[in-house]
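Asker: By the count of numbering that gives the first Met the number 0, the sequence shown reaches residue 138 at its end, each step adding exactly one.
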Amino acid sequence: MLSRTLAVLAATASLAACQDAGERSVSMLRPGSSFTVARIDGTPAPAGVTLDVGEGGRVTGRAPCNRYSGQLTQSGGAMTVSGTVMTRMACAEPDRMMAETRFGMALGSITAARRSADGIALVDPEGRERIGLIPNAGG
(Lines of atoms letter the chains of each structure in order from A and count residues from 1; the text may use other names and numbers.)
(Lines give C-alpha, C1' and ligand atoms only; values in the text may rest on other atoms or scores of the structure.)
Protein backbone atom coordinates (compact mmCIF):
# COMPACT_ATOMS: atom_id res chain seq x y z
CA MET A 1 0.00 0.00 0.00
CA LEU A 2 2.81 2.39 0.87
CA SER A 3 4.58 1.75 -2.43
CA ARG A 4 1.35 2.40 -4.33
CA THR A 5 0.84 5.67 -2.45
CA LEU A 6 4.41 6.72 -3.23
CA ALA A 7 3.90 5.87 -6.90
CA VAL A 8 0.75 8.01 -7.04
CA LEU A 9 2.53 10.90 -5.32
CA ALA A 10 5.48 10.64 -7.72
CA ALA A 11 3.18 10.61 -10.75
CA THR A 12 1.26 13.62 -9.43
CA ALA A 13 4.49 15.54 -8.83
CA SER A 14 5.69 14.70 -12.34
CA LEU A 15 2.46 15.96 -13.88
CA ALA A 16 2.60 19.14 -11.82
CA ALA A 17 6.17 19.76 -12.96
CA CYS A 18 5.12 19.33 -16.59
CA GLN A 19 2.26 21.78 -16.14
CA ASP A 20 4.54 24.36 -14.52
CA ALA A 21 7.04 24.01 -17.37
CA GLY A 22 4.28 24.59 -19.91
CA GLU A 23 3.04 27.66 -18.08
CA ARG A 24 6.57 29.04 -17.93
CA SER A 25 7.00 28.37 -21.66
CA VAL A 26 3.90 30.39 -22.48
CA SER A 27 4.76 33.26 -20.14
CA MET A 28 8.30 33.60 -21.53
CA LEU A 29 6.94 34.96 -24.84
CA ARG A 30 4.13 37.21 -23.69
CA PRO A 31 2.79 40.30 -25.48
CA GLY A 32 5.17 43.22 -25.09
CA SER A 33 8.25 40.98 -24.92
CA SER A 34 11.25 42.14 -26.94
CA PHE A 35 14.36 40.06 -27.63
CA THR A 36 17.72 40.16 -29.35
CA VAL A 37 18.47 36.96 -31.28
CA ALA A 38 21.83 35.77 -29.96
CA ARG A 39 22.13 32.44 -31.78
CA ILE A 40 20.73 30.70 -34.84
CA ASP A 41 21.34 26.93 -34.79
CA GLY A 42 24.15 27.38 -32.27
CA THR A 43 25.99 29.99 -34.36
CA PRO A 44 26.19 33.62 -33.18
CA ALA A 45 23.51 35.66 -34.94
CA PRO A 46 24.54 38.72 -36.94
CA ALA A 47 24.07 42.03 -35.12
CA GLY A 48 20.60 43.54 -35.19
CA VAL A 49 18.44 40.38 -35.39
CA THR A 50 15.35 40.79 -33.19
CA LEU A 51 12.06 39.16 -32.19
CA ASP A 52 9.16 41.11 -30.66
CA VAL A 53 5.86 39.68 -29.42
CA GLY A 54 2.75 41.81 -29.85
CA GLU A 55 -0.88 41.52 -28.90
CA GLY A 56 -2.70 38.46 -30.18
CA GLY A 57 0.55 36.53 -30.62
CA ARG A 58 1.85 38.62 -33.52
CA VAL A 59 5.64 38.28 -33.84
CA THR A 60 7.70 40.83 -35.72
CA GLY A 61 11.34 41.70 -36.00
CA ARG A 62 14.43 42.04 -38.05
CA ALA A 63 16.02 38.96 -39.59
CA PRO A 64 19.67 39.16 -40.74
CA CYS A 65 18.63 40.99 -43.96
CA ASN A 66 14.89 41.65 -43.90
CA ARG A 67 11.95 42.47 -41.65
CA TYR A 68 9.53 39.65 -40.86
CA SER A 69 6.22 38.96 -39.16
CA GLY A 70 4.24 35.87 -38.26
CA GLN A 71 1.75 34.40 -35.83
CA LEU A 72 2.85 32.83 -32.54
CA THR A 73 0.47 30.16 -31.25
CA GLN A 74 1.01 28.84 -27.72
CA SER A 75 -0.89 26.10 -25.95
CA GLY A 76 0.40 24.56 -22.77
CA GLY A 77 4.10 23.96 -23.34
CA ALA A 78 3.81 23.83 -27.14
CA MET A 79 4.27 26.70 -29.56
CA THR A 80 4.54 27.36 -33.26
CA VAL A 81 5.26 30.33 -35.48
CA SER A 82 3.22 30.23 -38.68
CA GLY A 83 2.25 32.46 -41.57
CA THR A 84 5.70 34.04 -41.57
CA VAL A 85 6.31 36.67 -44.24
CA MET A 86 9.51 38.61 -44.97
CA THR A 87 10.45 41.59 -47.05
CA ARG A 88 12.59 40.58 -50.02
CA MET A 89 15.76 42.63 -49.89
CA ALA A 90 18.97 40.89 -50.88
CA CYS A 91 21.88 40.85 -48.47
CA ALA A 92 25.12 42.37 -49.68
CA GLU A 93 27.11 39.90 -47.55
CA PRO A 94 26.86 36.16 -48.30
CA ASP A 95 27.24 35.26 -44.59
CA ARG A 96 24.19 37.35 -43.67
CA MET A 97 22.19 35.78 -46.51
CA MET A 98 23.04 32.29 -45.21
CA ALA A 99 22.07 33.39 -41.69
CA GLU A 100 18.78 34.75 -43.11
CA THR A 101 17.97 31.37 -44.65
CA ARG A 102 18.85 29.51 -41.43
CA PHE A 103 16.78 31.94 -39.36
CA GLY A 104 13.67 31.47 -41.51
CA MET A 105 13.98 27.69 -41.36
CA ALA A 106 14.63 27.75 -37.61
CA LEU A 107 11.64 30.01 -36.91
CA GLY A 108 9.37 27.60 -38.78
CA SER A 109 10.59 24.60 -36.77
CA ILE A 110 9.93 25.95 -33.25
CA THR A 111 7.76 23.76 -31.01
CA ALA A 112 8.61 24.99 -27.49
CA ALA A 113 10.57 27.47 -25.42
CA ARG A 114 12.73 26.84 -22.38
CA ARG A 115 15.02 28.86 -20.18
CA SER A 116 18.68 28.96 -21.20
CA ALA A 117 21.78 30.26 -19.43
CA ASP A 118 21.43 33.70 -21.03
CA GLY A 119 17.70 33.94 -21.79
CA ILE A 120 15.32 31.74 -23.75
CA ALA A 121 15.93 28.86 -26.15
CA LEU A 122 13.35 28.28 -28.88
CA VAL A 123 13.59 24.56 -29.58
CA ASP A 124 12.50 22.07 -32.25
CA PRO A 125 10.66 18.76 -31.67
CA GLU A 126 13.96 17.06 -30.75
CA GLY A 127 14.63 19.68 -28.07
CA ARG A 128 17.52 21.30 -29.98
CA GLU A 129 17.92 25.04 -29.63
CA ARG A 130 17.18 26.62 -33.00
CA ILE A 131 17.04 30.25 -31.84
CA GLY A 132 18.63 31.70 -28.70
CA LEU A 133 16.97 34.86 -27.37
CA ILE A 134 18.21 37.46 -24.89
CA PRO A 135 15.48 39.66 -23.36
CA ASN A 136 15.86 43.38 -24.09
CA ALA A 137 15.67 45.78 -21.16
CA GLY A 138 12.08 46.77 -20.55
CA GLY A 139 10.78 44.02 -22.85
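C-beta atoms are modelled at their ideal positions from N, C-alpha and C, and glycine is treated no differently.
Roughly how many angstroms separate the alpha carbons of R129 and L71, rounded to a whole number?
Answerer: Taking the straight line from one Cα to the other gives about 16 Å.
Asker: Could you spell out the range, first to last residue, of the beta strand (DSSP E) harbouring P30?
Answerer: Looking at the DSSP string, P30 is not in any beta strand (DSSP E), and its letter there is neither H nor E.
Asker: Go to P134, then tell me how far its beta strand (DSSP E) extends in each direction, as first and last residue.
Answerer: Taken as a continuous stretch (DSSP letters only), the beta strand (DSSP E) holding P134 covers E128 to P134.
Asker: Tell me which residue opens and which closes the alpha helix (DSSP H) that A105 is part of.
Answerer: It spans P93 to G107 - the alpha helix (DSSP H) in which A105 sits, taken as one unbroken run.
Asker: Let me make sure I understand the geometry here. Which of S74, G53 and A62 has the alpha-carbon closest to that of S32?
Answerer: The shortest Cα separation from S32 among S74, G53 and A62 belongs to G53.
Asker: Go ahead and pull the three-state DSSP assignment for G53.
Answerer: It is coil, neither helix nor strand.
Asker: Leaving out the 5 sequence neighbours to the left and right, which residues in its chain are closer than 6 Å to T79 when beta-carbon positions are compared?
Answerer: If we look at T79 and ignore the five residues flanking it on each side, its Cβ neighbours are T72.
Asker: Going by C-alpha to C-alpha distance, which of T83, A98 and G82 sits closest to A89?
Answerer: Closest by alpha carbon: A98.
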